[in-house]
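K.L.:
Each residue of the sequence shown is one higher than the one before, starting from 1 at the first, in our numbering.
A virtual CB, placed ideally from N, CA and C, is assigned to each residue, including glycine.
Just dropping this structure here.
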Amino acid sequence: MNLMEDQQAPQPAEGEAKVVTLCGSTKFEAEFAEVNQRLTMEGCVVISVGMFSLPDLPDYDWTADSSDLKGRLGGVHFQKIRMADEVYIVDPGGYVGESTRREIAYAESLGKPVRYLSRERAARTGDGPRE
């Protein structure tokens, strides 16, 4: 196998569902749910963010853990990207924050195809850029 083949995104085997990891700001919880449902109905295995806000856990102080928490969660999400055949960016209105930009760059460095909700919506409605 040459270097180019090694860097190409894996394709699902015949009859296997495509694995899609969702990335984007957790402030778009409703949009994540919509995309997750749509892709699932299309026959994809969807991997999403683990939580949209910190849970209220008894006897757990999130502030004491906050310095390491963001790094741990980011590392977990990078693993989810590695597991995917494709990455789908949940970016209503085209909004992409700093963390999502890092995730996009990481996915692209792995040769993963990257799709965007905002671009698909624009294509469906005809509101995309004119040439």
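Hey, could you find the ends of the beta strand (DSSP E) E86 is sitting in?
P.N.:
Counting from 1 along the sequence shown, the entry for residue 86 is found at position 86. That run of the beta strand (DSSP E) goes 86-90.
K.L.:
For G179, does the count of other Cβ atoms within 10 angstroms reach 16, so buried, or fall short, so exposed?
P.N.:
No answer is possible for residue 179: it lies beyond the span of the chain, which begins at 1 and ends at 131.
K.L.:
Evaluate S53 with the Cβ neighbour count: other Cβ atoms within 10 Å of its Cβ, from every protein chain shown; 16 or more gives buried, anything less gives exposed.
P.N.:
Here the question's residue 53 lines up with position 53 in the sequence shown. Exposed, by the Cβ-count rule.
K.L.:
For L110, name the three-state secondary structure that DSSP assigns.
P.N.:
Taking the first residue of the sequence shown as position 1, residue 110 is located at position 110. Looking at L110 - three-state DSSP - the assignment turns out to be coil, as it is neither helix nor strand.
K.L.:
Does the contact criterion of 3 or more C-beta pairs under 8 angstroms hold for the stretch 44-51 versus the stretch 103-117?
P.N.:
No, the stretch 44-51 does not touch the stretch 103-117.
K.L.:
Between L73, Q79, V87, which lies nearest to C44 when the distance is taken from Cα to Cα?
P.N.:
As a first step, residue 44 is located in the sequence shown; it is residue number 44 there, counting from the start. Measuring from the Cα of C44, the nearest candidate turns out to be V87.
K.L.:
Would you decide whether E103 is buried or exposed? Buried here means 16 or more other CB atoms lie within 10 Å of its CB.
P.N.:
Position 103 of the sequence shown, counting from 1, holds the residue named residue 103. E103 comes out buried.
K.L.:
Identify whether G93 lies in helix, strand or coil by the three-state DSSP scheme.
P.N.:
Looking up residue 93 in the sequence shown gives position 93. Note: G93 maps to helix in three-state DSSP.
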